[in-house]
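A.B. asks: Just so you know, we're using the working numbering here: the sequence shown kicks off at 214 and counts up by one. Even for Gly, the Cβ is constructed at its ideal location relative to N, Cα and C. Note that the structure is predicted; figures quoted are calculated from it, not measured.
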Amino acid sequence: MVWESRYRAPELLLGSRHYTKSIDIWAVGCIFAELLMLRPIFKGEEAKMDNKKNIPFQKDQLIKIFDILGMPTVEKWPALVYMPEYGNLRDIQRSTTPNLRPTYFQGSSQRSELGFQLLQSTLEYDPEKRTSADDALSHAYFLDDPKPGAKQV
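1. Could you pull the start and end residues of the alpha helix (DSSP H) that residue 239 belongs to?
2. Within its chain, find whatever has a CB closer than 8 angstroms to the CB of residue 357; leave out the 5 residues flanking it on each side and keep chain order.
3. Is residue 222 helix, strand or coil by DSSP?
4. Tell me which residues share the same chain as residue 239 and place their Cβ nearer than 6 angstroms to its Cβ, disregarding the 5 neighbours each side in the sequence.
5. Considering only residues of the same chain and omitting the five flanking positions on each side of residue 366, which have a CB-CB separation below 6 angstroms?
6. Quick check on this structure: which residue in 333, 299, 348 has the alpha carbon closest to the alpha carbon of residue 271?
Now the structure itself:
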C-alpha cells in the first residue's frame with residue numbers, strides 16, 4: 214500500500230479501494246520523476262485521518278497532479294465517473310492541458326526525450342492504459358547510450 218500521498222495514484226485519491234499493479238507503477242513514476250528532477254513532482258499537503266482512520270478527500274494532492282498532468286477527462290479515463298470521489302471534482306477548476314513536458318525539461322538540458330516518454334507512460338491517468346512493469350523495464354530509455362546513471366569518462 215502506498216502511504217505517502219505524493220506517490221498515490223489518482224484512483225486511490227479518488228476513493229478506489231481496489232489495489233492493482235498499476236498503482237505501484239504510478240508510485241514508481243513519481244519516484245522516477247523525483248530522481249530526475251531532484252524534487253517531488255506532486256508535493257501536496259498530507260490529508261489527516263479522522264478518528265475512524267478514514268482518509269478524507271485529498272483535494273490538495275489532486276490539484277498538484279492536475280496542475281502538471283491537466284484535469285482528467287472521461288474521454289481519456291472512462292472509469293473516472295465510477296470513482297467514489299468523482300463528484301468532488303466539480304469543485305476543482307483546472308485546465309485539461311498537460312504541463313508535464315515543460316515541468317520535466319525545466320532547468321536541465323540533460324533530460325532525454327526517452328526519459329520523458331517513460332515518465333509519461335507511468336503517469337497515465339487511466340490505470341488500464343498505464344505501462345506495465347515489464348514494458349517499463351524494456352523501454353528504450355534503458356537501452357539508450359549513455360546508460361542512465363553511467364558516468365562519462
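C.D. replies: Well, looking at it:
1. The residue given as residue 239 occupies position 26 in the sequence shown. Looking at the DSSP string, the run of the alpha helix (DSSP H) that includes residue 239 is 234-250.
2. Taking the first residue of the sequence shown as position 1, residue 357 is located at position 144. Cβ neighbours of residue 357 beyond the five flanking positions: 325, 327.
3. Counting from one through the sequence shown, the residue named residue 222 turns up at place 9. Reduced to three states, the DSSP call for residue 222 is coil.
4. Along the sequence shown, one-based indexing puts residue 239 at 26. So the list reads 222, once near-sequence residues are dropped.
5. Working through the sequence shown from its first residue, we reach residue 366 at position 153. Confidence at residue 366 is low in this model, with a pLDDT of 40, below 50, so its placement is unreliable and the value that follows should be read with caution. Closer than 6 angstroms at the Cβ level, and outside the excluded window around residue 366, lies no residue.
6. Against the sequence shown, residue 271 aligns to sequence position 58. Answer by Cα proximity: 299.
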